[in-house]
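Comments concern the structure below.
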Amino acid sequence: MGLLLKEGIDINLIKSALLAFSLIGSLIALINTTPILKKRLPNYTMQMAGLIGNTSFLGIPIAIALLPSKTINCTIGFDLGTTLFAWVFGPFFLQEKSKNKHTPNIKGLLNALINSPASRGIIGVLLAYLFQIDEILGNYLWIPARIVIALAIIVVGTRLGIITNQNERILDLNEEIKYAILLKLFILPFIIFFVCKFLNFNFYESSAVILQAGTPTAISTILMAEAYGVNQKIASKILFTTTLIAMITIPLLKIFMNLFIQAN
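Residue numbers (the numbering used here): 2 to 265.
Following this line, the structure appears as structure tokens:
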């Protein structure tokens, strides 16, 4: 909320949210209608893990560290689009394969959406604009917002510690998991790169969404897998491995963007 109030809501937030939501949906459809892709990513857990990134707890802090503050709208917009897709469609995809066919918990989905950092920030900003206190509140929240976002990384570290304790062979990866990791950290960022070129995004817009696309697998994929009892170990392994590898790939993405996007 503090970050959005500082920079303001603009068309970039909407553009990046639509980009994330529509592209993830299109790729899910492509994977499930193309036999060769379906063979390599045979279930929704792997597909979601390969497309839904940790945009809230890692993507936003990384963007703040590596990009100017004016990109925050694109960053949060991508997070919002990803979050909406994950929590609207993810439970329905995973429930299809679940042994227990529970009735979809619409209330739970709404709570998950509202509790998302992106959703809460948007709601708070809209209320601030409604009561015309956006400028004052933005100045007060700017510094604590940066502190809280930085501390959000602790949440990821804590979760990784739990995963490590629960899985003795966390790095024992099969072929399908390797394809999901490849999709998340390499293929998806480059797809976003070409889409940005096609849509004529400027350097800062492109950088924001490419970095978000290159974030490791989201914690939400584990939460949904555990909730429906589907492929929990697979989700844990992909999350753990992509988070470790992303420490190398994200700096490489930043170098790539400086060389090939800014130069153009």
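Even glycine gets a Cβ: it sits at the ideal position worked out from N, Cα and C.
A quick note: this is a predicted structure, and the numbers were derived from the prediction, not measured.
**Prompt:** Under 8 Å, do Leu6 and Leu142 count as touching if we go by C-beta distance?
**Reply:** yes
**Request:** Please confirm whether Gly215 and Gly3 have their CB atoms less than 8 Å apart.
**Result:** no
**Request:** Please classify Leu131: is it buried, with 16 or more other beta-carbons within 10 angstroms of its beta-carbon, or exposed?
**Result:** exposed
**Request:** Identify which residue in Phe93, Pro217, Thr242 has its Cα closest to the Cα of Ala229.
**Result:** Strictly speaking, residue 229 in this sequence is Tyr, with Ala absent from that position. Looking at the Cα atoms, Phe93 is the closest of the given residues.
**Message:** Taking DSSP's pairing of strands, which residues face Gly54 in a bridge?
**Reply:** Thr218
**Asked** Roughly how many whole angstroms lie between the Cα atoms of Met225 and Gly91?
**Response** 7 Å
**Item:** Start-to-end residues for the alpha helix (DSSP H) that takes in Met258
**Value:** 233-261
**Request:** Assign Ile37 to one of two classes, buried (16 or more other C-beta atoms within 10 Å of its C-beta) or exposed (fewer than that).
**Result:** exposed
**Message:** Three or more C-beta pairs under 8 Å: does that hold for the segment 80-89 against the segment 243-250?
**Reply:** no
**Whole-angstrom C-beta distance between Gly51 and Lys185, which should lie under 8 Å** = 5 Å
**Three-state class that DSSP yields for Lys102 in the structure shown** = Unreliable placement is indicated for Lys102, whose pLDDT of 48 sits below 50; no coordinate value is reported for it.
**Message:** Tell me which residues share the same chain as Gly125 and place their Cβ nearer than 6 Å to its Cβ, disregarding the 5 neighbours each side in the sequence.
**Reply:** Met2
**Prompt:** If we call anything under 8 Å between Cβ atoms a contact, is Pro75 one with Ser17?
**Reply:** The question names Pro, but residue 75 in the sequence shown is Cys. Cβ atoms of Cys75 and Ser17: closer than 8 Å.
**Prompt:** Where Asn201 and Leu14 are concerned, what is the direct C-alpha to C-alpha distance, given to the nearest angstrom?
**Reply:** 16 Å
**Close-in-space but distant-in-sequence residues of the same chain around Gly78 (CB under 6 Å, 5 per side omitted)** = Leu14, Ser17, Ala18
**Asked** Where do the ends of the alpha helix (DSSP H) carrying Thr13 lie?
**Response** Going by the sequence as given, residue 13 is Asn instead of Thr. Segment 12-34, the alpha helix (DSSP H) holding Asn13.
**Asked** Are the beta-carbon atoms belonging to Asn33 and Lys40 less than 8 Å from one another?
**Response** no
**Asked** Over what stretch of residues does the alpha helix (DSSP H) that includes Leu67 continue unbroken?
**Response** 61-67
**Item:** Cα-Cα separation, Tyr180 to Phe187
**Value:** 10 Å
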